[in-house]
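Structure first, commentary second.
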Amino acid sequence: MEQPKTPASRLFNTTCIENKDDLEEKLERCHSTLQNLITGLSEKEAHDTLNNAVCKDKTHEEVSLGLLVIILTEPQNAAKSYRDLTLITRDGLGIVLLHLNQLVLDKYLRLNDVTRSQLLWLLREMIRTSVTNVDNLCLTLLRHAAGGDISPKNLFLVDALLDIFQENRAWLDKFSFLVASIVYTYLRLIEDHNAPHLAGLRQKEVTFTTSLIKERMADCLAIGRDLVRLLQNVARIPEFEALWKDILLNPKSLCPNFNGVLQLLQTRTSRRFLQSRLTPEMERKLVFLTSNVRFGNHKRYQDWFQRQYLATPESQSLRCDLIRFIVGVIHPTNELLCSDIIPRWAVIGWLFTTCTSTVAASNAKLALFYDWLFFDPDKDNIMNIEPAILVMHNSMRSHPPVTATLLDFLCRIIPNFYPALTEKVRNGIFSSLRQILEKRVLPSLYPLFDSPKLDRELRSKIRETFKEFCLPPNTEMPGKMEELNKEHNPGTVIENITNSTTENNHVAQDPEPAFSDEEEESPLRIVTKVEEEEDEEDVPLSAVKLKNDQKNANCVVKKEDITSHLRLILEPEELRTSIETLHTETDNESRCQAMERIVQMVVEDEIDAETIPALASCISTILLPQITAQIFPSDNLNEEVLADSISTPLFVMFRNQFQLCKEEDNRRKLLARVLAEMQSIQSRIGYLLLYFLKVWGREEEKREGEPSNVLNDVKASVYKDFCAQREKKLDVCLVSDLKLCHEDNIFMLCYLVPDVYIGFQNVAVGNVQLLHLVVSTVDSCQLQDLVCQIMQGHLKMLKKESFTTLLTASLNWETFEQYCFWQLIFAHDFPIDYVLPVLPKLQFRNHAEALTSILFMLKQEKPTLDLLRQLLARQSVDGDMFVVATLRYWCRDYEEKLGELLANLLSTRYPATSPNKRKRSGAKQNQQSAGPPTGEQVLGHLDQLRQHCMSSAELQLYHSEGMQRALQQAQAASSDSLRKSYGDLFALAEVNEENEPPPPSSSARKHTASSGGGASGKGGHRKTGANTRERSNLKRPLPRYHIDSTSSSEEEEIVNPKQAKKRKKINPVGSDSD
1 MEQPKTPASR LFNTTCIENK DDLEEKLERC HSTLQNLITG LSEKEAHDTL NNAVCKDKTH
61 EEVSLGLLVI ILTEPQNAAK SYRDLTLITR DGLGIVLLHL NQLVLDKYLR LNDVTRSQLL
121 WLLREMIRTS VTNVDNLCLT LLRHAAGGDI SPKNLFLVDA LLDIFQENRA WLDKFSFLVA
181 SIVYTYLRLI EDHNAPHLAG LRQKEVTFTT SLIKERMADC LAIGRDLVRL LQNVARIPEF
241 EALWKDILLN PKSLCPNFNG VLQLLQTRTS RRFLQSRLTP EMERKLVFLT SNVRFGNHKR
301 YQDWFQRQYL ATPESQSLRC DLIRFIVGVI HPTNELLCSD IIPRWAVIGW LFTTCTSTVA
361 ASNAKLALFY DWLFFDPDKD NIMNIEPAIL VMHNSMRSHP PVTATLLDFL CRIIPNFYPA
421 LTEKVRNGIF SSLRQILEKR VLPSLYPLFD SPKLDRELRS KIRETFKEFC LPPNTEMPGK
481 MEELNKEHNP GTVIENITNS TTENNHVAQD PEPAFSDEEE ESPLRIVTKV EEEEDEEDVP
541 LSAVKLKNDQ KNANCVVKKE DITSHLRLIL EPEELRTSIE TLHTETDNES RCQAMERIVQ
601 MVVEDEIDAE TIPALASCIS TILLPQITAQ IFPSDNLNEE VLADSISTPL FVMFRNQFQL
661 CKEEDNRRKL LARVLAEMQS IQSRIGYLLL YFLKVWGREE EKREGEPSNV LNDVKASVYK
721 DFCAQREKKL DVCLVSDLKL CHEDNIFMLC YLVPDVYIGF QNVAVGNVQL LHLVVSTVDS
781 CQLQDLVCQI MQGHLKMLKK ESFTTLLTAS LNWETFEQYC FWQLIFAHDF PIDYVLPVLP
841 KLQFRNHAEA LTSILFMLKQ EKPTLDLLRQ LLARQSVDGD MFVVATLRYW CRDYEEKLGE
901 LLANLLSTRY PATSPNKRKR SGAKQNQQSA GPPTGEQVLG HLDQLRQHCM SSAELQLYHS
961 EGMQRALQQA QAASSDSLRK SYGDLFALAE VNEENEPPPP SSSARKHTAS SGGGASGKGG
1021 HRKTGANTRE RSNLKRPLPR YHIDSTSSSE EEEIVNPKQA KKRKKINPVG SDSD
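Each residue of the sequence shown is one higher than the one before, counting from 1 in the UniProt record's numbering.
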């Protein structure tokens, strides 16, 4: 017989797997109630019936909503139903509007085409009849007129709402906030409707919006500064050009209270306007991302959001709306700020780095900094300016081009936003920066504004623009200002050597972002957009990185700069000569000799301590092309190629440091200090030192024939001295250096990993960050190489003491990273005992990688009581097959032993108690039943195993004598609810009728009657092994389970197989006949 099909939804587009939710079921139920009331009645009778019915509050709601469903789904009956609705309503359609708002807010995108059309028809009718609060429904529908979307359905809604507002202009003028919202919405949409086929719609929007602004400017003033931002984007349209003339030259003509554009710019835009440009669904997704998703797990959510909302060319304009919403609406609590939830700056950084349009990127920068331009600490919120500074600060390390282009934009916006208000803009930005420092968003702006990763021209521009914020910490203002002024005077002093250390990590300027000439000619534009700008964040990050590497390789240091620095700073003369030789000489051998002389002067303490920072800066500048070059051989790793890679002047310093440490010479600290100073300027020095130690260590081992453990100690000593001079802990230095190596060259990182774990075993083994770095870097071949070294005993990456910590941390890693981690565990041949403490906490949906790997480990084990305890301590959850799979696998070879262990485990959770022997056996019982798993957990897993037995042979585990006894004990000691829950399991406990004991006493019979009946009653539901049971049930009465007062505590022990063979019969639980 066929199942009746579920009727299709009246209101929604649904699929076969979607269930109706509460709202839909309620509307369907109300529709059915209405039909039951009026079916078969004439129009007059139906009207009278409805009027009588709505006297009750509940029926009033049901009838009203039933009529609403007819209006939305039956166009031919809509007019009649709306008339009836207005006649019978007792609350001015309040209940109808409440449910309509909920329907539009939560489910508009699921409404079918008929329902959408009828919804707009109903809105028009409600406006025509001046229903109270219908303006709120208009606001909700306006949110679904999405920006960056020119799909037919979205354009239909935009056009239909525009027609409704035009037709009901007199009604619209009564609602000032609705007027402002319509202006804000359509100004934003006009920007998207620039395609030729949308010219008609765009003209309608322009005409209506300009008329609203001119006639209702007093209402539009409430929008604030974002009204100016949106008007900028449409300023080239003739109608808006004329409007701009009035705003700038004759503001009083628009509104007597309007004093000019500055009044708007100094008014912060309300959150409601910023929120209105995101659909409710977008808002929910974005709020979830910034309040529930942990930093590190965010990529898949961002990828989904990108595919859903940012995949088309026209959707690029949506990024501004998203940034304004994040900046102005999402203000996390202090608790959230201190958590590991993805911060706002990271989401904004992602929106920048994935932007593919230069125009959208420029507009996005303006959206990010917009609240900075006229920031007033008394009126504005620090949370509106915090994301921009944190995007720049946190992008400096991983995406320096993002920081560079934002800082460049911030410098250029001051004179270019609106020349007449240049000082106001400057004051606003300076107020923002002061507030950032006062509120300790950043302790100092100097590391950001004077970072060596910024090119020299940009740093010069920043110093010129933000002088008071470019001071190092604890620097007095007057003296520093004079120094800065000197630096910027071309004929006086060349830039301070510390700040010219690099032509930096991403140098070599692209053509500067330029404001387009066409836009500059327009006098009405307050901000000129960067139409032709090619910012580095507009290309994929991999391309940026490649471009930066090429730039670094081509860096050339000007001879005049170095010479000038030497004349000004460096003494003695011999040192200056050697530096000049190092700089000017092209022959590598001569340069190495010059470096050797410099090192000897450092070691001999011929250089003042004050000169060392300048010396380090100078050497870093000269050696920059070597430091940033591709040092690690890409193809062949033979000894000759590796030796050649460390034959440059930089490695001369490392070689001398190695020799000094080998000889335990105290002078090594002097050279280590120079290296540490160089590392503070060029951070790559750290991992290059590790690379040198590995290559040079191998050469020393062959040349000198020294034991590897001695050389390992020397290599460790070199790096430890280097870290001590950096004033950082060894593990912190290791992780930071290797992270930088990971960013620059993953092949070098994989080459260094074994030596790091061997040479720094105490800090490397068990370090979560370091291990995560390794597993996130290696590919399958590199992983195999690590496994081979571990299996040969050459390498150790894990240890027992930190294993649990590492395993717990790994649960949050990506799938491939976790599988790499488990391969390393298998290579170390750790026993299963290391894993067991974590096992009960693992969830089968969230930790599949770990559970799968543990299953492979359990395959190699024999069942033991300890293993079973940890296994069965897991919660029995539908769909979790971990315990079942393990037990079924063990049943292949160890079924008898497994049965004994399970029986013992179950019987100790449900011991047979005796009043006479309680005192004697109580301690033992408590000892055996203490700790996990609980009795209910054991029963749950046994029942789950039973459900997955496919044949009677697989049920043999339950037919062993020990298991039968344990099940009987458990049933007798269980509550009624447990007996009911596990009735099918208890039904497997067979009782031999021929050996049934004498009838129990009346009290015992009374005590056990219910449990006996429950067991037999459930037995009939078994699909497997039921024939024997059914035959025996025909011959005998219902089984009775008797708990005898003389039961022995020995029954709580594990069942002995030999003892079981001697037993002639199966006794009821608790019998002492043995």
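Where is the CB? At the ideal position from N, CA and C, for every residue including glycine.
{"Asked": "Could you tell me which residues DSSP puts in a beta bridge with I341?", "Found": "R294"}
{"Asked": "Using only CA atoms, which one of Y910, S907, E900, Q843 lies nearest to residue 1093?", "Found": "The first residue shown for the chain is 1 and the last is 1074, placing residue 1093 beyond what the model contains."}
{"Asked": "Leaving out five residues on either side along the sequence, give the residues of the same chain with a beta carbon under 8 Å from the beta carbon of L23.", "Found": "H99, Q102, L103, D106, K107"}
{"Asked": "Just to confirm my understanding: we take F240, look at its own chain, exclude 5 residues before and 5 after, and list those with CB closer than 6 Å. What are they?", "Found": "V234"}
{"Asked": "DSSP puts F12 in a beta bridge; with which residues?", "Found": "L111"}
{"Asked": "Along the chain, which unbroken stretches of the alpha helix (DSSP H) at least 4 residues long are found entirely within the region 708-774?", "Found": "708-726, 730-744, 746-759, 761-764"}
{"Asked": "Report the CB separation of L407 from I462 in whole angstroms; it is logged as a contact under 8 Å.", "Found": "6 Å"}
{"Asked": "Within 10 angstroms of its Cβ, does N19 collect 16 or more other Cβ (buried), or is it exposed?", "Found": "exposed"}
{"Asked": "Work out the CA separation of H583 and L624 for me, nearest whole Å.", "Found": "11 Å"}
{"Asked": "Return the chain-ordered list of same chain residues with a C-beta closer than 7 Å to the C-beta of residue 1094, the five sequence neighbours on each side being excluded.", "Found": "What is shown of the chain runs 1 to 1074, which leaves residue 1094 out entirely."}
{"Asked": "Whole angstroms is fine: what's the gap from Y446's alpha carbon to I341's?", "Found": "28 Å"}
{"Asked": "If we count the other Cβ atoms within 10 Å of its Cβ and call it buried at 16 or more, is D21 buried or exposed?", "Found": "exposed"}
{"Asked": "Classify C788: buried if its beta carbon has 16 or more other beta carbons within 10 angstroms, exposed otherwise.", "Found": "exposed"}
{"Asked": "Tell me whether K461 sits in a helix, a strand or coil according to DSSP, three-state version.", "Found": "helix"}
{"Asked": "Within the continuous alpha helix (DSSP H) that includes N661, where are the two ends?", "Found": "A small fix is needed here, since residue 661 is Cys in this sequence, not Asn. Its alpha helix (DSSP H) spans residues 649-662."}
{"Asked": "Please check if any C-beta of chain D sits within less than 8 Å of the C-beta of E386.", "Found": "Looking for chain D here will not work: only one protein chain is present."}
{"Asked": "Alpha carbon to alpha carbon, how far is C891 from C338?", "Found": "50 Å"}
{"Asked": "Identify every run of the alpha helix (DSSP H) within the region 83-161, keeping only runs that are complete inside it and at least 4 residues long; order them along the chain.", "Found": "94-107, 113-128, 134-143"}
{"Asked": "For M678, I'd like the list of residues in its chain whose CB is within less than 7 Å of its CB, leaving aside the five on either flank, ordered along the chain.", "Found": "A616, I619, S620, I685"}
{"Asked": "Going by DSSP in three states, G899 sits in which element: helix, strand or coil?", "Found": "helix"}
{"Asked": "Starting from V309, follow the alpha helix (DSSP H) in both directions and report where the run begins and ends.", "Found": "Note on identity: in this sequence residue 309 is Tyr, with Val being the wrong assignment. Unbroken alpha helix (DSSP H) run through Y309: 299-309."}
{"Asked": "Around the Cβ of A903, are there at least 16 other Cβ atoms within 10 angstroms (buried) or fewer (exposed)?", "Found": "buried"}
{"Asked": "Quick check on L318: does DSSP put it in helix, strand or coil?", "Found": "helix"}
{"Asked": "Assign P837 to buried or exposed, taking buried as 16 or more other Cβ atoms, counted over all protein chains shown, within 10 Å of its Cβ.", "Found": "exposed"}
{"Asked": "Measure the beta-carbon distance from G148 to D84 and round it to whole angstroms, keeping in mind my assumption that it falls under 8 Å.", "Found": "Not a contact, Cβ separation roughly 41 Å."}
{"Asked": "For F295, count neighbouring Cβ atoms within 10 angstroms of its own Cβ and tell me buried if that reaches 16, exposed if not.", "Found": "exposed"}
{"Asked": "Check whether the region 797-817 touches the region 851-860, taking contact to mean three or more Cβ pairs, one atom from each stretch, closer than 8 Å.", "Found": "no"}
{"Asked": "What is the DSSP secondary structure of N19, counted as helix, strand or coil?", "Found": "coil"}
{"Asked": "Buried or exposed for F325, please, with buried defined as at least 16 other CB atoms from any protein chain shown within 10 angstroms of its CB.", "Found": "buried"}
{"Asked": "Buried or exposed for S960, going by 16 or more other Cβ atoms inside 10 Å?", "Found": "buried"}
{"Asked": "Are at least three pairs of beta-carbons, each pair with one atom in the region 584-594 and one in the region 645-657, less than 8 Å apart?", "Found": "yes"}
{"Asked": "Taking 7 Å as the limit between beta carbons, can you name the residues of its chain near T864, skipping five residues before and five after?", "Found": "none"}
{"Asked": "When the Cα atoms are used, what is the spatial distance from K379 to T185?", "Found": "25 Å"}
{"Asked": "Keeping to the same chain, check which residues put their C-beta closer than 6 Å to that of A222; ignore five residues upstream and five downstream.", "Found": "A180"}
{"Asked": "Starting from V441, trace the alpha helix (DSSP H) both ways and give me its first and last residue.", "Found": "Note, V441: premise wrong, no alpha helix (DSSP H); not H, not E."}
{"Asked": "Below 8 Å on the Cβ atoms is my guess for L274 versus G328; work out the distance and round it to an integer in Å.", "Found": "5 Å"}
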